[in-house]
Amino acid sequence: MGPESVLPLGRPSASIQVAPDNSSHQTTITLHNSTPLENSNPPANSVSPYNSIPPDAPTSPESTTCTIHYHVLKPDGNGFPPYTVGVLYYFQPPDKVFEGGIRFRLMSDVSKFGDSEDLKLPNGDVWQIPLVNLATQAGWKPFLEKLKRENLVEEDVIAGLIRNHRPMIRTLDPRKLQLSGQEVFDLSGILRTAIHVLPDYSTPPDNSVCSIFYHRIIKDDNHRFPPGTVGALYYHLPPPHNVNAGGIRFRLMTDVSQFDSGEDLKLPTGDVWQIPLYRLANWAGWKPLLQKLEDENLVDEGVIAGLTNKCEYVVHTLDPRKMQLSRQGVIDLSGILRTAIHVLPDNSTPLNNSTCSIYYHRILKDDNHRFPPGTVGALYFHPPPPHNPNAGGIRFRLMADVAQFDDGEDLKLPKGTVWQISLFRLATQAVWKPFLEKLKTEDLVGEKAIPDLIINYQPIVHTLDPHKMQLSDQEVFDLSGILHTTVRVLPDDPTPHGNSACSIYYHKFTKIDNQRFPPGTVGALYYHLPPHNAVAGSIRFRLMADVSQFDSGEDLKLPSGSVWHIPLHKLVIASEWEPLLRVVRKESLVDEAVITDLQKLWDKPPLNFNYHYELGQPFVIDLEHATITRGFINRSMAHSFFGTPSKE
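Under full-length UniProt numbering, the residue at position 538 of the sequence shown is numbered 538, and the numbers go up by one with no gaps.
Dropping the structure here:
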């Protein structure tokens, strides 16, 4: 790009044709606000003011054109100043290979290059297209190719700039893209990129960096931004009736002046790529982008405050008839394992105990654990049919906006069945209490239906193996204040069998109030296997709000402080526990030989003795009882004895 001859051009911005070979016919360019001034005398070898290509230059393909401008940050005069006549050339500072750039040398003839000065901006800085922009922005590709052909820049320098490039976000307001000097950037083929968000037009501070990615849950090359991902980020303003539905999108375009004719980047599913507002408000990694939205008054502070509750989603209503009136927003669950939901008792700030976690389908393997791509919409209550008042439930309606509720479809599981949190679960599992209260508040469920469900409630045991709790979709159940409850086991068929019921109780032999399970008895049954004594195994009740909390939970205890349990020998001998024993055997939690040995020890079920399994095992006794009953058991013998405590 050496200086050789002249060309005038009278435009505020100019389309520059870059010759594909090393043509030596170089002209100067005249760049100013309007057509040439009346008394100006263009150089003799100039051409039409509106033609940037020399008359004898070969016709070049459209891809060799670049558009240059003076200073789009200056709103009151962004054209090139008068008498901007000269040539473009590449400037390389000594020993600073990454800091070069294309500049404009002011001169009326290229022979005067050495005696001339570079074009400057109003603040005195040299006008320049930095090398980093040339290397990372698709709009400058013709210039970059020219630099490479003329060996002005080495390939490894360009590669280094591309590798370390961080796009700058000067604005997220689509109305200010040109005014702010926002540049387009090329994300084609990139897994993720770090972006700098400028609080103003100065150098970005250290805490202004965000990382953006295309779609983390899709396999293979779809993780990467697709070819042709050239454009800029902007904030998509939501409709007035749904202020929570906004988000940052990526508009595809080669220059910000093409915003209106561009399209938004899409995911492979066809859905628009977007960072939803609720994620911007609740994840610290997006703080620079959220701050930019606030600085530019693109989002009301009250809207952000309503979303900032350390949750992914806020439920204003479960009534589909009130979606728009209550300003219910949509949520994007695509690719998420589970998410926290805040349920508002009204349109105020969520209460501390108003959080539920929802998931797609925990028992499926691999990526099917996650909500599928395109899971965008809102939760709502699906009323039951008249002939089955207990069959209702909370469903997820797929839609881009709540105004589209009637046209949307319900989320489905991989087998085609509708995703739903059944009314039965809502009424009988403590973790769904916020949803249940919301249904009552909105009169979506009759008061009588809920007690009927609770009265007939029978917890279902999917597994007794603590390692399979999440994989088998085991649910927790609330036994607080209950005298006894019937549990059903599901060894194979998901439909409960008639002979699969067991009754469990807290402690039949203490005083009346202590017979009930204590408050906070929420959790699941599991089989406890001691490491060195299989005979001492037992079914216990792990206290936890969700099976994912198993390791941090504690076992239910009796008033004496000992652990509540159903010992293995009772499971083996007493027919009432046969359904639970069936699960133990099916899941191979105890060796069959141990069960066979225990079955040989009694001709009839043993008395309700407290058994010991090894010498030196500590135990608790109540000295107020007249008689102490104890027993000792191992795989070859079982012996029981009576004792009378001394009162002296």
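All C-beta atoms in this analysis are idealised placements derived from N, C-alpha and C, irrespective of residue type, glycine included.
Which of helix, strand or coil DSSP assigns to residue i
i: Asn166; result: Looking at the sequence shown, residue 166 is not Asn but Arg. Three-state DSSP puts Arg166 in coil, outside helix and strand.
i: Val461; result: strand
i: Leu529; result: coil
i: Asn41; result: Note on Asn41: pLDDT 37, under 50, position unreliable in the model; the coordinate value appears next. In the structure shown, Asn41 sits in coil (DSSP, three-state: anything other than H, G, I, E or B).
i: Ser116; result: coil
i: Glu183; result: coil
i: Ser538; result: strand
i: Gln128; result: strand
i: Ser257; result: helix
i: Tyr70; result: coil
i: Lys600; result: coil
i: Arg224; result: coil
i: Pro567; result: strand
i: Arg327; result: coil
i: Ala400; result: coil
i: Arg338; result: strand
i: His467; result: helix
i: Arg103; result: strand
i: Lys557; result: strand
i: Arg395; result: strand
i: Leu177; result: coil
Nearest-angstrom Cα separation, counted from residue j out to residue i
i: Ile162; j: Pro227; result: 16 Å
i: residue 653; j: Thr67; result: Outside the shown range of the chain, which is 1 to 648, sits residue 653, and nothing can be said about it.
i: Leu187; j: Asp300; result: 30 Å
i: Val315; j: Arg542; result: 31 Å
i: Leu571; j: Val535; result: 11 Å
i: Val431; j: His342; result: 12 Å
i: Gly100; j: Ala138; result: 18 Å
i: Glu462; j: Gln474; result: Note on identity: in this sequence residue 462 is His, with Glu being the wrong assignment. So the alpha carbons of these two residues sit roughly 6 Å apart.
i: Ala281; j: Ser538; result: 47 Å
i: Leu191; j: Phe185; result: 14 Å
i: Ala340; j: Phe424; result: 21 Å
i: Ser500; j: Leu581; result: 11 Å
i: Val594; j: Thr485; result: 29 Å
i: Val288; j: Pro384; result: Reading the sequence as shown, one finds Pro at residue 288 and not Val. Cα to Cα, Pro288 sits roughly 45 Å from Pro384.
i: Ile504; j: Leu293; result: 57 Å
i: Met323; j: Ala378; result: 9 Å
i: Ser111; j: Leu134; result: 27 Å
i: Gly160; j: Lys146; result: 18 Å
i: Asp591; j: Cys356; result: 39 Å
i: Leu144; j: Pro276; result: 36 Å
i: Ile336; j: Phe405; result: 22 Å
i: Gly270; j: Lys438; result: 34 Å
i: Ile158; j: Pro142; result: 14 Å
i: Tyr380; j: Arg397; result: 7 Å
i: Ser575; j: Gly523; result: 25 Å
N-terminal and C-terminal residue of the alpha helix (DSSP H) that residue i is part of
i: Arg425; result: 423-428
i: Phe143; result: 141-149
i: Arg585; result: 578-586
i: Phe405; result: Per DSSP, Phe405 belongs to no alpha helix (DSSP H) and is neither H nor E.
i: Leu233; result: Where Leu233 is concerned, there is no enclosing alpha helix (DSSP H), although the beta strand (DSSP E) it sits in stretches over 230-236.
Neighbourhood of residue i by C-beta, 7 Å cutoff - its chain only, sequence neighbours within 5 removed
i: Val272; result: Arg249, Asp264, Lys266
i: Val418; result: Arg395, Asp410, Lys412
i: Pro126; result: Checking the displayed sequence, the identity of residue 126 turns out to be Val instead of Pro. Result list for Val126: Arg103, Asp118, Lys120, in chain order.
i: residue 715; result: Any property of residue 715 remains undetermined from this structure, which presents the chain solely from 1 to 648.
i: Leu479; result: Thr485, Phe517, Thr521
i: Phe259; result: Pro174, Leu177, Arg251, Met253
i: Asp401; result: Pro239, Asn242, Ala245, Val330
Beta-carbon contacts of residue i that lie in its chain and below 8 Å, excluding the five residues immediately before and after
i: Arg516; result: Gly481, Ile482, Leu483, Tyr506
i: Gln291; result: Val197, Pro199
i: Val209; result: Arg166, Ala194, Ile195, His196, Val197, Pro288
i: Leu464; result: Leu525, Tyr526, Tyr527, Ile539, Leu580, Val583, Val584, Glu587, Leu589
i: Ser261; result: Met253
Residue i: first and last residue of the uninterrupted beta strand (DSSP E) it sits in
i: His196; result: 192-197
i: Thr84; result: 84-91
i: Leu379; result: 376-382
i: Thr485; result: 484-489
i: Phe250; result: 247-252
i: Phe435; result: Counting along the chain, Phe435 falls outside any beta strand (DSSP E), though it belongs to the alpha helix (DSSP H) covering 433-441.
Close-in-space but distant-in-sequence residues of the same chain around residue i (CB under 6 Å, 5 per side omitted)
i: Ser354; result: His342, Val343, Pro434
i: Arg338; result: Ser357, Tyr359
i: Gly231; result: Val184, Phe250, Arg251, Leu252, Met253
i: Pro459; result: Phe477, Val487
i: Leu131; result: Gly100, Gly101
i: Lys310; result: Annotation note: pLDDT 45 at Lys310 (below 50); position unreliable, no value reported.
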